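**Q** Sharing a structure below in structure tokens format, with a few things to ask.
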Amino acid sequence: MRKKMLHCAAWLLTVALWLLLEVCQAQSGVSSLAERVIWAVNAGGDMHTDVHGILFKKDPLEGKVGKASDYGLRLPILRSSPDDQILYQTERYNEDTFGYEVPIREEGDYILVMKYAEVYFAQSQQKVFDVRLNGHVVVKDLDIFDRVGHSTAHDEIVPFSIKRGKLSVHGEVSTFNGKLTVEFVKGYYDNPKICALYVMKGKPEDVPKLQPHPGLEKREEEEEEEDEGEVPEGEKKSPSTSTKNPVRSGPRTPNPYSTDNSSLMFPILVAFGVFIPTLFCLCRL
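Here the sequence shown stands for residues -26 to -1, 1 to 259, numbered as in mature numbering (1 follows the signal peptide of the UniProt record, and there is no 0).
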């Protein structure tokens, strides 16, 4: 009897541990992240499964539209894990506007994640382009080098929703016909491109974050301080605001009170006081 009770207790303990493990996995969301991705492509490259379990398929535009490039393979990509650098090292570009079609069957909230890295140009204003989603401009004047610098991973995250046959993105609404068209728009500066992209169900906070970059964090902090230092016209600046940004553009306005002439007037008055009595005495002689 005692042996049978021990077997039952061991079985119950095993079941409890299994249930606890399932709950922990569900709460962590690690196992469900890849399941929420409905479409993923490694642009200009082969199939790849990233560290989060997301399966990026081989580029379907191979041999059809644009050109594939693996120029970035010679460079390490900052902010990306070593296993996933391949997603930023290959790319597809085109001399005209091009894009991908993503079939979406279910309504709900979605996220478009686009992966970029500038591996060729070494300054800003060399490659600048827009990104459209079913005709809506969702990324304007994307300059990868200006955003993060050279050979550094950069993700553009665009949330959108599909409800009652309508696509809503960035406050704009249009009719949705079952296909999401992601277009990279040709601009004045070189050709548009994409390294990798995927569409998943969820919110922006569900998207895995890139590794921190000290230089970018410092620049973002400086930009935040500059934004805080800007005071609307007509609003009085506080002392802390006025001392934070002491450098201003343009010449300074001359201060009419900057030169004190009182020290020069005193000897003139003394001389004038001595001259009058002397002149009076001379006139009487």
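Where is the CB? At the ideal position from N, CA and C, for every residue including glycine. Keep in mind it's a predicted model, so treat the numbers as computed, not measured.
State the Cα-Cα distance for the pair methionine 21 and leucine 29, rounded to the nearest angstrom.
**A** Stepping through the sequence shown from its first residue, residue 21 is reached at position 47. Stepping through the sequence shown from its first residue, residue 29 is reached at position 55. Spanning the two alpha carbons is a distance of roughly 7 Å.
**Q** I'd like to know if the segment 169 to 185 and the segment 53 to 67 are in contact, where contact means that at least 3 CB-CB pairs between them fall below 8 Å.
**A** The answer is yes - the segment 53 to 67 touches the segment 169 to 185, with three or more Cβ pairs under 8 Å.
**Q** In angstroms with no decimal places, state the Cα-to-Cα distance between glutamate 80 and aspartate 58.
**A** Taking the sequence shown and counting its residues from 1, the one referred to as residue 80 is at position 106. Taking the sequence shown and counting its residues from 1, the one referred to as residue 58 is at position 84. For glutamate 80 and aspartate 58, the distance between alpha carbons rounds to 29 Å.
**Q** Could you spell out the range, first to last residue, of the alpha helix (DSSP H) harbouring glutamate 9?
**A** Along the sequence shown, read from residue 1 onward, the residue named residue 9 stands at position 35. Glutamate 9 -> alpha helix (DSSP H) spans 4 to 10.
**Q** Mark aspartate 115 as exposed unless 16 or more other C-beta atoms lie within 10 angstroms of its C-beta, in which case mark it buried.
**A** Looking up residue 115 in the sequence shown gives position 141. Per the 10 Å Cβ criterion, exposed.
**Q** Going by alpha carbons, who is nearest to leucine 107 out of Phe95, Glu9, Thr64, Thr155?
**A** Reading the sequence shown from its first residue, position 133 is the one you call residue 107. Of the candidates Phe95, Glu9, Thr64, Thr155, the one whose C-alpha sits nearest the C-alpha of leucine 107 is Thr155.
**Q** Determine the burial state of threonine 23: buried for a count of at least 16 other Cβ atoms within 10 Å of its Cβ, exposed for fewer.
**A** Translated into positions along the sequence shown, residue 23 becomes position 49. Classification of threonine 23: exposed, given that the 10 Å Cβ count is below 16.
**Q** Looking at phenylalanine 72 and leucine 39, is the spacing between their C-beta atoms short of 7 Å?
**A** Here the question's residue 39 lines up with position 65 in the sequence shown. Here the question's residue 72 lines up with position 98 in the sequence shown. A small correction: the amino acid at residue 39 is valine; leucine does not occupy that position in the sequence shown. The answer is yes: Cβ separation under 7 Å.
**Q** Comparing C-alpha positions only, which one of Val159, Val173, Lys101 sits nearest to tyrosine 84?
**A** Residue mapping note: residue 84 aligns to position 110 of the sequence shown, counting from 1. Selected option, being the one with the closest Cα: Val173.
**Q** Less than 6 Å between C-beta atoms, sequence neighbours within five positions excluded: which residues of the same chain meet that for glutamate 130?
**A** Counting from 1 along the sequence shown, the entry for residue 130 is found at position 156. Closer than 6 Å at the Cβ level, and outside the excluded window around glutamate 130, lie Met88, Val113.
**Q** Using the Cα positions of serine 142 and tyrosine 163, report the straight-line distance between them to the nearest angstrom.
**A** As a working note, residue 142 is residue 168 in the sequence shown. As a working note, residue 163 is residue 189 in the sequence shown. Going by the C-alpha atoms only, they are around 29 Å apart.
**Q** DSSP three-state label for phenylalanine 30, please.
**A** Residue mapping note: residue 30 aligns to position 56 of the sequence shown, counting from 1. Strand, per DSSP.
**Q** Just tell me which of Gly109, Lys167, Arg138 has its CA closest to the CA of glycine 82.
**A** Translated into the one-based positions of the sequence shown, residue 82 becomes position 108. Nearest C-alpha to glycine 82: Arg138.
**Q** In or out: lysine 167 buried (at least 16 other Cβ within 10 Å) or exposed?
**A** Translated into the one-based positions of the sequence shown, residue 167 becomes position 193. So lysine 167 ends up on the buried side.
**Q** Please return the same chain residues whose Cβ sits closer than 8 Å to the Cβ of leucine 171, not counting the five positions on each side in sequence.
**A** Residue mapping note: residue 171 aligns to position 197 of the sequence shown, counting from 1. Cβ neighbours of leucine 171 beyond the five flanking positions: Ala14, Val15, Ala17, Tyr74, Leu86, Val87, Met88, Lys89, Val156.
**Q** Using three-state DSSP, classify proline 178 as helix, strand or coil.
**A** Residue 178 sits at position 204 when you count from the first residue of the sequence shown. If DSSP states are grouped into helix, strand and coil, proline 178 belongs with the helices.
**Q** Looking only at its chain, what residues have a beta carbon closer than 8 Å to the beta carbon of serine 216, apart from the 5 residues adjacent to it on each side?
**A** As a first step, residue 216 must be located in the sequence shown, where it is residue number 242. No answer about serine 216 holds up, because its pLDDT of 35 lies below 50 and its placement is not dependable.
**Q** Rounded to the nearest angstrom, how far is the Cβ of glycine 152 from that of proline 77, given a contact under 8 Å?
**A** The residue labelled residue 152 in the question sits at position 178 within the sequence shown. The residue labelled residue 77 in the question sits at position 103 within the sequence shown. About 6 Å separates the two Cβ atoms, so the contact holds.
**Q** In or out: lysine 140 buried (at least 16 other Cβ within 10 Å) or exposed?
**A** Reading the sequence shown from its first residue, position 166 is the one you call residue 140. Burial call: exposed.
**Q** Straight-line CA distance for proline 34 to alanine 42?
**A** Along the sequence shown, read from residue 1 onward, the residue named residue 34 stands at position 60. Along the sequence shown, read from residue 1 onward, the residue named residue 42 stands at position 68. For proline 34 and alanine 42, the distance between alpha carbons rounds to 11 Å.
**Q** Would you mind working out which of Glu36, Phe158, Gln63 sits nearest glutamate 69, comparing C-alpha positions?
**A** To locate residue 69, count along the sequence shown from 1; it is residue 95. Nearest of Glu36, Phe158, Gln63 to glutamate 69, Cα basis: Phe158.
**Q** Which word fits threonine 149, buried or exposed, when buried means at least 16 other C-beta atoms lie within 10 angstroms of its C-beta?
**A** Looking up residue 149 in the sequence shown gives position 175. Flag for threonine 149 reads exposed.
**Q** So for proline 133, helix, strand or coil by DSSP?
**A** Mapped onto the sequence shown, residue 133 falls at position 159. Note: proline 133 maps to strand in three-state DSSP.
**Q** Around the Cβ of glutamine 97, are there at least 16 other Cβ atoms within 10 angstroms (buried) or fewer (exposed)?
**A** For the purposes of this step, residue 97 is identified with residue 123 of the sequence shown, where counting begins at 1. Looking at its Cβ environment, which holds fewer than 16 other Cβ atoms inside 10 Å, glutamine 97 is exposed.
**Q** In the segment 111 to 174, which residue ranges form an unbroken alpha helix (DSSP H) of at least 4 residues, counting only runs that do not cross its ends?
**A** Entirely contained in the segment 111 to 174, the alpha helix (DSSP H) runs reaching 4 residues are, in chain order, 118 to 122.
**Q** Return yes when the Cβ of valine 102 is within less than 7 Å of the Cβ of glycine 46, no when it is not.
**A** Here the question's residue 46 lines up with position 72 in the sequence shown. Here the question's residue 102 lines up with position 128 in the sequence shown. Going by C-beta atoms, glycine 46 is not nearer than 7 Å to valine 102.
**Q** For arginine 66, which of helix, strand or coil comes out of DSSP?
**A** By one-based count along the sequence shown, residue 66 stands at place 92. It is a strand residue.
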